[in-house]
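Position one of the sequence shown corresponds to residue 289 (this note's numbering), numbered consecutively onward. Here a beta-carbon is modelled for each residue, glycine too, at the ideal position from N, C-alpha and C.
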Amino acid sequence: MEHTSSVTFTGGMSFDVEADGHHFAVDADEQFGGKDLGPKPKKLLLSALAGCTGMDVVLILTKMRMPFDKFWLEVSAELDELQEPAVYTAFRIRYCFTGTELDREKIEKAVNLSEEKYCGVSAMFKSFASVSTEIILNPKLMEK
Numbered sequence: 289m290e291h292t293s294s295v296t297f298t299g300g301m302s303f304d305v306e307a308d309g310h311h312f313a314v315d316a317d318e319q320f321g322g323k324d325l326g327p328k329p330k331k332l333l334l335s336a337l338a339g340c341t342g343m344d345v346v347l348i349l350t351k352m353r354m355p356f357d358k359f360w361l362e363v364s365a366e367l368d369e370l371q372e373p374a375v376y377t378a379f380r381i382r383y384c385f386t387g388t389e390l391d392r393e394k395i396e397k398a399v400n401l402s403e404e405k406y407c408g409v410s411a412m413f414k415s416f417a418s419v420s421t422e423i424i425l426n427p428k429l430m431e432k
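This is the structure we're talking about:
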């Protein structure tokens with residue numbers, strides 16, 4: 289199966305991206321002529337990783353009947369700016385949950401299944417960088 293996306297130049301350094309019928313802008317940093325009309329393309333990789341594994345975890349926890357009040361992910365990456373082109377060398381994913389009936393064992397199983405079996409984005413990233421994870425239950429200062 290082939291996946292496709294198209295981008296159309298819209299001026300400055302901005303492009304309109306079309307993916308699966310959805311449109312959004314990408315733009316460059318101001319130092320390169322961008323105008324902050326959308327995210328930078330490289331940073332979208334972080335969103336792709338979070339979205340992929342997040343969807344897996346929700347589906348798996350739903351099947352396990354493990355309720356939660358809120359769930360969010362925080363993904364960060366180390367950029368090796370000494371290389372040209374600069375590339376990500378390490379990704380960190382924080383899985384954050386709030387709720388009164390959280391079961392760490394089930395959450396760990398869901399995260400592991402996503403990262404080891406289901407999330408294609410994570411599998412691709414592991415071919416060129418390290419991917420580490422952390423699970424945080426009921427964070428007090430970080431709630432979203």
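Taking all protein chains shown into account, residue 403 has 16 or more neighbouring C-beta atoms within 10 Å of its C-beta and is therefore buried. Between residue 405 and residue 311, the alpha-carbon positions lie close to 30 Å from each other. Runs of the beta strand (DSSP E) lying entirely within the stretch 330–355, each at least 3 residues long, are absent. In the DSSP assignment, the residues bridged to residue 361 are 383. Sequence-distant partners of residue 296 (beyond 5 residues in either direction) whose C-beta falls short of 7 Å from its own C-beta, in its chain, are 303 and 304. Per DSSP, the unbroken beta strand (DSSP E) holding residue 420 starts and ends at 418–425.
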